[in-house]
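The working numbering numbers the first residue of the sequence shown as 3 and each following residue consecutively. C-beta atoms are modelled at their ideal positions from N, C-alpha and C, and glycine is treated no differently. On a predicted model such as this, the values are computed, not experimentally measured, just so you know. Notes follow the structure.
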Amino acid sequence: MKKINPLRLVLKTIFLFALANLLFALWNPPIEYLSMYNSIFPGRTRFPFDKVDNIDAHFASHEISTPKGENEFRVIIIGDSSIWGDELESDQTLSAWLNKAQSKCFSKNVKFYNLGFPHMSAMKDLLILNKAMEYNPDAIIWSFTLRTVLPKPPNPFLIANVDPIFELINEYDLWEYPYDEFDYQEKTLYEKTFIGRRKELARLLHLQTLGIEWLSTKSDYQPRYIPPNAPPTPPIEDPIDLENETSFRGFDASDNIIPFLWTHYFEVGEKIAGDVPIVFINQPMFIATGENSDIRYNKSYPRWAYDQYRQFLATEASAKNRTYIDFWDKIPPKYFIGHTFHLSVGGEKLLAEAIAKGFQEAVCEKEP
3 MKKINPLRLV LKTIFLFALA NLLFALWNPP IEYLSMYNSI FPGRTRFPFD KVDNIDAHFA
63 SHEISTPKGE NEFRVIIIGD SSIWGDELES DQTLSAWLNK AQSKCFSKNV KFYNLGFPHM
123 SAMKDLLILN KAMEYNPDAI IWSFTLRTVL PKPPNPFLIA NVDPIFELIN EYDLWEYPYD
183 EFDYQEKTLY EKTFIGRRKE LARLLHLQTL GIEWLSTKSD YQPRYIPPNA PPTPPIEDPI
243 DLENETSFRG FDASDNIIPF LWTHYFEVGE KIAGDVPIVF INQPMFIATG ENSDIRYNKS
303 YPRWAYDQYR QFLATEASAK NRTYIDFWDK IPPKYFIGHT FHLSVGGEKL LAEAIAKGFQ
363 EAVCEKEP
């Protein structure tokens, strides 16, 4: 038997590892599309937003990646954490309640898909909408609020998806977006290797292992961390006092905030959707009743700024023949978790009933 030379073995191992890294970098495979969901494990009903950043990996793990049924009327819902279902189990979210109604549209079974992502950003919504069009939706529900159309820098999710973001900016002339904050640079050969992509690979692998838990429990709920010394949250039924402050993002009540908003992103969304109808929904919000509630609706919005925004949305929708539903005060305060946008299970059910009715009237009762 030939004696093994330890040094030669080590050198050969290093060489093969380096060669594998080089070949992997030159090939640069789209590993984000590799997923055990929708095959070994059922697809997730909402994005694993805190597990991976790559949008392709999000969609690969989502149930929307399953083939569309012949009798399916596919409806995607985009929006922020209120759509994703913050503080709720996946079967308690808006889309879950809508699907429980088992509604029909043009004699087909309506299936609602939760494509919400916890970040209030019109650019983020366009990114998800643009990707979602690959999955042949029949209709779109876009839920938003004033903060959605405020100019803001990219968050880590958008930074991680810089390539499709730049494609949107170029194609739809969105150069007001702070693209310079991406600090975009072409990936080096090293950054394309196993070692260079080790964090990405580890997060993707971790997401796959969570499929076992998803298969057995259908739960992806993670309670929000509350610091030990945090003051208790007052009951939602109690009057909530607000600051005696009427300014909003550097503006005061004598200013017109509309030119400052990125409401033209809605028109871009319509271009992306093409012939697929969009139902635009101004999402419900908590309305306070305590001190200074005569000048502010809640901690996010002074009354004058939000009223300007609502009036503009209604005028713009009428002028552009846009399907728009204003649910800003639709849900009573007692159904909110916290004091701004997130709903309890009961609140989600109420909203689902209202949206189902509005959706039927706006989409399903029209001539196909």
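Limits of the beta strand (DSSP E) - the one that residue i falls within
i: Phe75; result: Glu74 to Ile80
i: Ile280; result: Ile280 to Asn284
i: Lys113; result: Lys110 to Asn116
i: Ala356; result: Not the beta strand (DSSP E): Ala356 falls in the alpha helix (DSSP H), residues Val347 to Phe361.
i: Trp144; result: Ala141 to Phe146
Endpoints, the alpha helix (DSSP H) within which residue i is located
i: Asp58; result: Ile57 to Ser63
i: Asp127; result: Ala124 to Ala134
i: Phe268; result: Tyr267 to Ala275
i: Trp86; result: Ser83 to Trp86
i: Ala103; result: Per DSSP, Ala103 belongs to no alpha helix (DSSP H) and is neither H nor E.
i: Val2; result: Nothing in the structure corresponds to residue 2, since the chain is present only between 3 and 370.
Residues near residue i in its chain [Cβ-Cβ closer than 7 Å; skip 5 each side]
i: Tyr308; result: Leu148 and Tyr299
i: Ser295; result: Leu244
i: Val54; result: His60, Arg205, Leu206 and Leu209
i: Asn138; result: Lys70 and Arg76
i: Pro155; result: Pro180 and Glu183
i: Tyr35; result: Asp58 and Ala62
i: Ala356; result: Phe329 and Lys332
i: Ser302; result: Arg149 and Thr342
i: Leu345; result: Ser84, Ile333, Tyr337, Phe338, Ile339 and Leu353
i: Glu169; result: none
Inter-residue Cα distance where the pair is residue i and residue j
i: Thr150; j: Arg312; result: 13 Å
i: Tyr326; j: Val281; result: 6 Å
i: Glu180; j: Ser109; result: Note on residue identity: the sequence assigns Pro, not Glu, to residue 180. Going by the C-alpha atoms only, they are around 45 Å apart.
i: Thr435; j: Asp58; result: Past the edges of the chain, shown from 3 to 370, lies residue 435, and the structure says nothing about it.
i: Ser92; j: Lys5; result: 59 Å
i: Ile214; j: Asn40; result: 13 Å
i: Phe51; j: Pro241; result: 33 Å
i: Glu65; j: Arg10; result: 49 Å
i: Val347; j: Lys189; result: 44 Å
i: Lys126; j: Leu160; result: 7 Å
i: Met38; j: Trp86; result: 22 Å
i: Ala290; j: Leu203; result: 45 Å
i: Ile283; j: Gly276; result: 18 Å
i: Glu89; j: Asp175; result: 37 Å
i: Phe49; j: Gly81; result: 12 Å
i: Gly292; j: Ala316; result: 28 Å
Identity of the residues DSSP links to residue i by a beta bridge
i: Arg371; result: The question about residue 371 has no answer, for the chain in this structure spans 3 to 370.
i: Ile327; result: Ile283
i: Pro304; result: Arg298
i: Phe253; result: Phe250
i: Arg46; result: His64
i: Phe338; result: Leu345
Beta-carbon contacts of residue i that lie in its chain and below 8 Å, excluding the five residues immediately before and after
i: Asn163; result: Asp55, Asn56, Ile57 and Leu129
i: Lys133; result: Ile57, Asp58, Phe61 and Pro166
i: Pro157; result: Here residue 157 turns out to be Asn, not Pro, going by the sequence shown. Cβ within range, chain order: His121, Ser123 and Lys126.
i: Ile259; result: Phe250, Arg251, Phe253, Ala307, Gln310 and Tyr311
i: Gln362; result: Ser105 and Cys107
i: Pro304; result: Glu247, Thr248, Ser249, Phe250, Ala255, Ile297 and Arg298
Residues near residue i by beta carbon distance below 6 Å, same chain, minus five either side
i: Leu263; result: Val151
i: Ala124; result: Thr150, Val151, Trp264 and Tyr267
i: Phe314; result: Ile260
i: Ala141; result: Val77, Pro279 and Val365
i: Asn73; result: Lys110 and Asn111
Next item on the list: Would you check if the region 214-223 and the region 267-280 touch, i.e. whether three or more CB-CB distances between them fall below 8 Å?
Entry: no
Margin query: Does the structure place the region 97-111 close enough to the region 73-88 that three or more beta carbon pairs sit under 8 Å?
Written below: yes
Notebook entry, point to check: So does the region 245-252 actually touch the region 42-54, counting three or more Cβ pairs closer than 8 Å?
Noted result: no
Notebook entry, point to check: Counting Cβ pairs closer than 8 Å, one from the region 250-261 and one from the region 118-127, do we hit at least three?
Noted result: no
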